[in-house]
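Okay, structure first, notes after.
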Amino acid sequence: MDPNMQFVSNGIKHKSWLLNKLFAVKPLSGYSGFPYNTFSPPFPLSSSFSYEKKFNSIGIRNENLYGVTIEPKNEIDIGDLNLLVSSNEEILMKYAFWITFTGKMTAKTKVAQKLREWLPKANIDLSSLVESDAKVADLKLEDFDKIFSLLHIELNDDFAHIGELRNFYAHFRPAIENAKFAD
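Just so you know, full-length UniProt numbering puts 51 at position 51 of the sequence shown, and the rest follows in order with no gaps.
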């Protein structure tokens, strides 16, 4: 994450981490945006957005558009896991869920306590993953990757939020053809 953007929320940091983990995202013009009226027809802009004053202080203006290129990566490193995108769909789905899910924790949340709540039947010693008093704010995003690389097989039926994980999967998987839908 750009060091100038540390003011954004934990959830935004996690989502940005996920986007940059799965895709090569490159700005076309850095912080030099293009005035919205350069395009025809002009793009409609929102009247304001979150952190607008802080973005202004680093040169990102609401009245500009900022182009980026986004290319999918073929290979992804998550902690100790090295994955080929084409053959590790299940793990990548769990990872996307994990990063989004952990991004919902507040900065003061004790991570070890949450891991014990989420994975009460874990086959791995959870105390070996993170200090007992470590809070979300104490960890780097790389730490969440490392934890995931050790715990991803534990995200199964014993995971306290397995229903949320299944719902997450459902958003990205096609519906079953024979499924009955309410009229």
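The beta carbon of each residue, even a glycine, is placed where N, CA and C say it ideally should be.
Out of F101, F43, V136, the CA that lies nearest to the CA of E164 is found in F101. Spatial neighbours of P41 in its own chain (CB-CB distance under 8 Å, excluding positions within 5 residues in sequence) are not present.
For A24, no alpha helix (DSSP H) encloses it; the enclosing beta strand (DSSP E) starts and ends at 23-27.
The beta-bridge partner set that DSSP reports for I78 consists of L81. In the structure shown, P3 adopts helical secondary structure according to DSSP, grouped into three states. Taking 7 Å as the cut-off, the Cβ atoms of K94 and K135 do not count as close. Rounded to whole angstroms, the gap between the alpha carbons of I78 and K146 is 7 Å. In this structure, the alpha-carbon of K104 lies about 16 Å from that of F148.
DSSP places I70 within a strand segment (E or B) once states are collapsed to three. Within the DSSP bridge table, the entry for L65 names F34 as partners. When rounded, the separation of the alpha-carbon atoms in N64 and D2 is 19 Å.
Only buried fits H14, as 16 or more other CB atoms lie within 10 angstroms of its CB. Taking one beta carbon from each stretch, the segment 55-69 and the segment 18-31 have 3 or more pairs nearer than 8 Å; the two touch. Counting along the chain, G163 sits inside the alpha helix (DSSP H) bounded by residues 162-172. Annotated as distal: A112 and S128, with beta-carbon spacing of 7 Å or more. Non-local beta-carbon contacts of E75 in its own chain, meaning distances under 8 Å to residues more than five positions away in sequence, involve N82, L83, L84, V85 in chain order. For L150, the closest C-alpha among the options N167, A170, F34, L126 is that of L126. DSSP places K53 within a helical segment (H, G or I) once states are collapsed to three. A straight-line Cα-Cα distance of about 40 Å links N167 and N37.
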